[in-house]
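Colleague:
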Amino acid sequence: MTDNDKAAAILEIHALKARYFRTMDMKDWAGLQATFAPDLIADFRAASGEWNEAMLIHGAAAYVAQLAPMLQQVCTVHHGHMPEIRIETETEASGIWAMEDKLWVEEGAPLPFRWMHGYGHYHERYVRLADGWRIKEIRLTRLRVDAG
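Mapped onto UniProt numbering, the consecutive letters of the sequence shown carry residue numbers 1 to 148.
1) With DSSP run on the structure shown, which of helix, strand or coil describes residue 83?
2) Name, in chain order, the residues that DSSP records as bridge partners for residue 115.
3) On a CA-only basis, which of 11, 32, 10, 102 is nearest residue 63? Give me that one, please.
4) Give the single residue among 104, 68, 136 whose Cα lies nearest to the Cα of residue 16.
5) Using 8 Å for Cβ pairs, my map puts residue 37 next to residue 105. What's the rounded Cβ distance?
6) Would you check if the distance between the CB atom of residue 94 and the CB atom of residue 88 is smaller than 8 Å?
7) Check the DSSP bridge columns for residue 99 and list the partner residues they point to.
8) Quick one: residues in its chain with C-beta nearer than 8 Å to the C-beta of residue 153, no 5 flanking neighbours on either side, listed in chain order?
9) Compute the Euclidean distance between the alpha carbons of residue 21 and residue 51, then round it to the nearest angstrom.
Below, the structure is given as structure tokens:
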């Protein structure tokens, strides 16, 4: 790959992650699922501040099917910052994104808190499919979680 090809791939991955955040916050579940490779590995076991083995999910459809009812009654705001993207081959890349999220939970939602403000990093692997870059692996680590 040329340097220009790598720069173009990095911009495409930036746009992919922007779609991830937007579709998550807008509860566009089909759009969110489209940001992932079908064989996604989603590791959110440490995402809430407490280890939850049930949050290691294989498959994009399975991940979104588990996530959607959990967040349906939650206002979320996700921000990604300072991406470190490494293009490894023409079809593979990796990245780390600093992140911050805020959640406001409506009455009756299945979450054990009313609000949350989290800080951490997304660790990701990307794959270029026939229709563009997709998130192949996603893991969230936390630096801090404030909740009440």
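Beta carbons are placed, not taken as given, at the ideal position from N, Cα and C, and that holds for glycine.
Treat the numbers as computed from the prediction; the structure is a model and nothing was measured.
Modeller: For this structure:
1) Annotated three-state conformation of residue 83 is strand, per DSSP.
2) DSSP lists 104 as partners of residue 115.
3) Nearest C-alpha to residue 63: 32.
4) Minimum Cα-Cα distance from residue 16 among the listed residues 104, 68, 136 corresponds to 136.
5) For a cut-off of 8 Å, the C-beta gap from residue 37 to residue 105 is around 30 Å, too long to register as a contact.
6) Cβ atoms of residue 94 and residue 88: closer than 8 Å.
7) Answer by DSSP bridge pairing, in chain order: 80, 120.
8) With the chain covering only 1 through 148, there is no way to say anything about residue 153.
9) For residue 21 and residue 51, the distance between alpha carbons rounds to 23 Å.
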